[in-house]
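Asks: Note that the working numbering gives residue 467 to position 65 of the sequence shown, counting from 1, and the numbers run on in steps of one.
Before I ask anything, here is the structure I am working with.
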Amino acid sequence: MIRLLLLTVILALAPIEAPEPELIPIEAKMSFYCSPCNICCPGSSGLTASGIIPIAGVTVSNDVLPFGTKIYRGEEPPWIVQDRFGGNNPIERFDVFVGSGPEAHQRALEMGRQTWTVFVESK
Ligand SMILES: [Zn+2]
Numbered sequence: 403m404i405r406l407l408l409l410t411v412i413l414a415l416a417p418i419e420a421p422e423p424e425l426i427p428i429e430a431k432m433s434f435y436c437s438p439c440n441i442c443c444p445g446s447s448g449l450t451a452s453g454i455i456p457i458a459g460v461t462v463s464n465d466v467l468p469f470g471t472k473i474y475r476g477e478e479p480p481w482i483v484q485d486r487f488g489g490n491n492p493i494e495r496f497d498v499f500v501g502s503g504p505e506a507h508q509r510a511l512e513m514g515r516q517t518w519t520v521f522v523e524s525k
């Protein structure tokens with residue numbers, strides 16, 4: 403009897419089907435930044451708008467998508483929206499954090515501006 407009750411509780415709590423995150427393709431206008439940097443972002447504390455320390459290869463800025471949104475590009479681990487431009491940029495504008503210091507600044511310059519197809523996780 404207790405076993406049946408437990409089974410009933412477990413079935414009642416189990417989601418009927420887990421929603422798959424949908425991936426939406428976007429022609430992304432990419433730029434690249436380092437931080438803290440007096441050239442890329444004068445006056446910046448070095449923290450992201452979400453309050454965390456940015457992580458090279460993970461942190462990306464976007465003004466529309468919620469913090470935590472994953473941005474997929476091919477086989478590589480996703481970027482995660484953790485920062486803002488702070489200027490009402492459209493959803494397709496992304497700024498990728500590449501690191502700190504002169505080497506990172508140089509890398510950001512060399513990457514320039516690019517248009518890439520990325521896949522945005524919809525929540
Ligand atoms: Zn810089």
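Where is the CB? At the ideal position from N, CA and C, for every residue including glycine.
All values reported here derive from a predicted model rather than from experimental measurement.
Taking 8 angstroms as the cut-off, is the CB of Ile441 close to at least one heavy atom of ligand 1?
Replies: The residue you call residue 441 lines up with position 39 of the sequence shown. Under cutoff, so the answer is yes.
Asks: Can you have a look at Ile482 and say buried or exposed, based on whether 16 or more other CB atoms are within 10 angstroms of its CB?
Replies: As a working mapping, residue 482 is identified with position 80 in the sequence shown. Buried, because 16 or more other Cβ atoms sit within 10 Å of the Cβ of Ile482.
Asks: Using 10 angstroms around the beta-carbon of Pro492, count the other beta-carbons present and answer buried if the total reaches 16, otherwise exposed.
Replies: To locate residue 492, count along the sequence shown from 1; it is residue 90. Under this definition Pro492 is an exposed residue.
Asks: Suppose you measure from the CA of Glu477 to the CA of Thr450; what does that come to, to the nearest Å?
Replies: As a first step, residue 477 is located in the sequence shown; it is residue number 75 there, counting from the start. As a first step, residue 450 is located in the sequence shown; it is residue number 48 there, counting from the start. Approximately 26 angstroms between the Cα atoms of the pair.
Asks: Smallest Cα separation from Tyr435: which of Val520, Thr517, Gly459?
Replies: Translated into the one-based positions of the sequence shown, residue 435 becomes position 33. The option with the nearest alpha carbon to Tyr435 is Gly459.
Asks: Examine ligand 1 and report whether any of its heavy atoms sits within less than 8 angstroms of the Cβ of Ser437.
Replies: To locate residue 437, count along the sequence shown from 1; it is residue 35. It does: the Cβ of Ser437 is within 8 angstroms (strictly closer) of some heavy atom of ligand 1.
Asks: Return yes when the C-beta of Ala458 is under 8 angstroms from any heavy atom of ligand 1, and no when it is not.
Replies: Working through the sequence shown from its first residue, we reach residue 458 at position 56. No, the Cβ of Ala458 stays beyond 8 angstroms of every heavy atom of ligand 1.
Asks: Just curious, the beta strand (DSSP E) that Arg495 is in, first and last residue?
Replies: Against the sequence shown, residue 495 aligns to sequence position 93. It spans 495-501 - the beta strand (DSSP E) in which Arg495 sits, taken as one unbroken run.
Asks: Measuring from the CB of Ala510, is there a heavy atom of ligand 1 at a distance below 8 angstroms?
Replies: Here residue 510 is taken as the residue at index 108 of the sequence shown, counted from 1. It does: the Cβ of Ala510 is within 8 angstroms (strictly closer) of some heavy atom of ligand 1.
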